[in-house]
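Comments concern the structure below.
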Amino acid sequence: MPEDKPVYLVLSALPYANGVKHIGNLVGSLLPADVYARFLRLQGADVIYVCGTDEHGTTIEVAALKAGVPVQAFADKYHAKQKEIYGKWGLSFDYFGRTSSGENHATTQEIFKAIYDKGYVIEKEMQTPYCLFDKRFLPDRYIEGTCPHCGFEGARGDQCEKCGKVLDPIDLKKPHCNVCGKSEIEFRKTKHLFLQLQKLSGQLKTWITEQEQWPQNARNFALQWIAQGLHERCITRDLSWGVKVPMPGYEDKVFYVWFDAPIGYVSFTKEWARTKGDSALWEHYWKNRDCKIVNVLGKDNLAFHTVIWPSMLMASGYADLPSQVKSLEFLNLEGKKFSTSRNWGINSDEALEWFPADYWRYYLCSILPEQGDADFSLHELMQKSNKDLADAVGNLVHRCLSFTHMNFEGKVPAPGELQPADNDFWRAVKKQVASSEESFYAYRWQEALREAMQIAHESNKYFNDGEPWKKVKEGEEGKRKAATTVFMTLQAVRSLAVVLQPFIPSSSQKIFDYLKLGSIEGSSWNSAAEQKLPAGHEIAPMAEIKPLFTKVDPAQLAKVKAILEARLKPDALGKPPAKA
RNA sequence: AGCGGGGUAGGGUAGCCAGGAGUGCCCGCUGGGCUCAUAACCCGGAGACCACAGGUUCAAAUCCUGUCCCCGCUACCA
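Structure (structure tokens):
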């Protein structure tokens with residue numbers, strides 16, 4: 000690794016392997032992390048983008064049980080499926096692992112031992128509901144009964160949805176198991192290990208206060224949490240599916256899923272390093288103060304990434320703490336919350352059956368929920384795809400390349416003498432390249448996209464004003480002017496492809512193909528500010544140049560809308576429960 | 001209840017942290033130009049008391065205080 004490059008480790012929150020994720024999950028971490036990683040690669044940074052599936056926990060164990068398959072097979076299936084879908088979305092992971100891997104088990108145990116040795120773990124007994132029929136302990140969510148406060152019969156062990164009161168499972172009247180439905184429940188005393196977060200609150204507070212580069216909401220949230228007083232948190236569970244606890248007396252227990260999940264970030268980096276033939280390479284990212292570790296996550300994950308995970312790293316001293324936390328808000332669908340139980344949402348696989356990945360990527364990035372929750376609307380997806388992608392970008396490319404074929408034999412024409420208008424235009428392009436870059440580094444990615452798109456509008460205007468189709472008929476002098484306009488516009492088209500690459504990678508590659516420039520992966524962001532196409536350079540034959548984007552047809556949109564609405568079902572309370 | 005975020009033209013959204021004529025973007029509406037191009041492109045117009053009420057200031061969408069709505073989070077759900 001060259002020493003002079005900036006070093007980045009981009010991490011997106013790990014998707015849970017209990018099914019296929021909806022597009023809200025994508026927009027909350029996977030997609031923006033990918034966009035940023037791609038940008039950094041264009042910047043020439045030493046960057047890896049690491050992610051993977053989170054595969055432990057009761058939810059998966061129960062889901063597998065209900066599906067009638069072994070847990071391992073269940074996890075295998077959804078890991079593979081998610082990986083495949085993300086590939087189709089163009090997510091450019093350098094490594095996509097799974098928390099059930101041997102490496103993650105080993106690293107989790109190693110980190111646990113370090114935390115234990117430093118005295119941050121204590122053992123306590125607790126009363127846990129046990130289902131005699133299923134022969135399993137039930138986490139609070141899997142025990143239901145009648146709420147002692149309001150009498151609601153479907154209250155869960157952790158909270159009553161009707162009156163909102165926080166409950167203890169032992170207080171529930173007429174409790175029954177949510178897995179088998181039977182009421183053969185007894186409370187058993189079991190020993191568990193607890194992480195003493197409160198011992199770290201001083202250190203955490205100091206550290207978070209120093210993280211001035213974090214977004215305001217992440218810092219406030221974390222500091223507020225600490226101010227309210229951290230308490231110890233149980234890190235073990237009575238399950239068999241998960242990472243074994245390396246302690247005598249804990250043979251039948253595993254770590255609680257939130258404990259081993261973030262450790263996946265580290266283990267996946269180790270696994271990646273091994274594929275590179277240098278198993279120590281992970282330390283280049285995790286034990287290197289010059290490396291910026293960037294966590295991209297939905298706001299629901301803030302607590303874990305700003306307090307709990309950093310405290311695990313602090314307590315263990317195992318690796319460096321994250322340097323940036325980019326948190327995204329939520330995505331609503333047509334004004335309503337995404338909800339698995341109400342069947343309201345768009346899954347990441349079906350989305351791609353309806354429209355190409357770049358359409359989704361573009362639209363989702365254009366409404367990226369950075370400030371507040373964003374509303375996804377199919378109608379707007381169509382409008383954005385049609386107006387921005389097809390009309391502004393696609394048509395620009397097409398009109399300019401066709402013109403090159405019709406008037407300059409498919410070769411980049413040599414420009415004549417540059418006029419003020421030409422210089423102004425190029426200055427505008429360079430300005431947009433620079434401001435898009437600035438927005439990226441300021442973690443304003445929606446704005447970065449807008450700035451990049453501006454090049455398309457500038458180019459259309461410039462091409463229009465130059466009227467090359469008229470000039471070309473006005474003798475030698477006119478032809479030279481037309482040549483200049485086309486030359487400059489072609490340069491801008493190349494620049495546009497580069498700056499849009501983080502957002503719509505496959506379309507950008509298509510533009511490069513049309514320009515016969517090979518792979519866009521190897522080009523640099525800075526080259527977008529330069530005129531890289533030499534006069535005389537041949538572009539792809541006209542027959543190969545198809546419109547970049549076909550327009551979304553309202554009839555097709557109506558069909559998709561009908562599919563979504565048909566399966567929407569109201570839930571018992573008339574409001575959707577918490578997200579999936 | 002506590003905490004966080006939001007309320008900007010018919011709809012959507014940016015601007016707010018680092019105050020300076022309501023500035024911008026997309027759709028929709030509307031007048032015109034162009035005809036290279038995917039009926040695409042370009043220019044112009046109409047349309048907002050920037051939630052409400054106070055305050056600070058020469059100047060407030062932007063800062064402060066209060067009020068009213070909307071949404072989210074609150075750790076043994078991931």
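Read in order, the letters of the first sequence are residues 0 to 579 in numbering that gives the first Met the number 0. No residue lacks a Cβ here, since even glycine has one placed at the ideal position from N, Cα and C. Treat the numbers as computed from the prediction; the structure is a model and nothing was measured.
At the C-beta level, A534 and A420 stay beyond 8 Å of one another. At least 8 Å separates the beta-carbon of W343 from that of A350. Contact between V19 and C364 does not hold, since their C-beta atoms are separated by about 21 Å, which reaches or exceeds 8 Å. When DSSP states are grouped into helix, strand and coil, P174 belongs to the strand group. DSSP places D237 in the coil class of the three-state scheme, outside both helix and strand.
A check of alpha carbon separations from F193 across Y255, K204, N219, S322 identifies Y255 as the nearest. The stretch 508-515 and the stretch 442-451 do not touch, with fewer than 3 CB-CB distances between them shorter than 8 Å. Ranked by Cα distance from G86, the first of D348, F424, E369, K515 is D348.
The DSSP-derived three-state label of D277 is coil. In the structure shown, the three-state DSSP call for M125 is strand.
Straight-line spacing of the CA atoms in K386 and A496 works out to 17 Å.
The count of Cβ pairs closer than 8 Å, one atom from the stretch 298-310 and one from the stretch 270-288, stays below three, leaving the stretches out of contact.
Contact between A391 and A491 is absent: CB atoms are separated by about 13 Å, not below the 8 Å threshold. Residue environment analysis places S401 among the exposed positions, since fewer than 16 neighbouring C-beta atoms fall within 10 angstroms of its C-beta. For the pair of segments examined, the stretch 220-228 was found not to touch the stretch 176-193: the number of CB pairs separated by less than 8 Å stays below three. For D45, the enclosing beta strand (DSSP E) starts and ends at 45-52. Only buried fits Q431, as 16 or more other CB atoms lie within 10 angstroms of its CB. In this structure, DSSP gives N24 a helical state, which the three-state scheme calls helix. About 7 Å separates the Cβ atoms of V120 and Q195, confirming a contact at the 8 Å cut-off.
Taking 8 Å as the cut-off, the beta carbon of S322 is found no closer than this to the beta carbon of L199. Rounded to the nearest whole angstrom, the C-alpha separation of P69 and G393 is 48 Å.
G144 sits in a strand when the DSSP states are folded into three classes.
Taking a cut-off of 8 Å for Cβ pairs, the stretch 101-115 and the stretch 262-273 touch, as three or more such pairs fall below it. Within the model, the alpha-carbon separation for R232 versus V244 is close to 16 Å. Non-local beta-carbon contacts of H404 in its own chain, meaning distances under 7 Å to residues more than five positions away in sequence, involve M541 in chain order. Within the stretch 387-420, complete alpha helix (DSSP H) segments of at least 4 residues are found at 394-407, given in chain order. For Q323, the enclosing beta strand (DSSP E) stretches over residues 323-327. Beyond the five residues adjoining it in sequence on each side, P31 comes within less than 8 Å, by CB distance, of S11, V295, K325, L327, C364, L367, W444 in the same chain, given in chain order. Scanning its chain for C-beta atoms nearer than 7 Å, with the 5 sequence neighbours on each side dropped, one finds around K286 the residues A318, D319, in chain order.
Counting C-beta atoms within 10 angstroms of its own C-beta, S518 has fewer than 16 neighbours from the protein chains shown and is therefore classed as exposed. The alpha-carbon of N525 is positioned some 22 Å away from that of V485. Looking only at T274, L377, G241, K172, the smallest Cα-Cα distance to A260 is reached by G241.
E185: not part of any alpha helix (DSSP H); member of the beta strand (DSSP E) spanning 184-194, first to last residue.
Taking H536 as reference, the option from R218, K410, Y77, N331 with the minimal CA-CA separation is K410. Of the other Cβ atoms in all chains shown, fewer than 16 fall within 10 Å of the Cβ of L131; this residue is therefore exposed. Here N294 carries a strand assignment [DSSP, helix/strand/coil].
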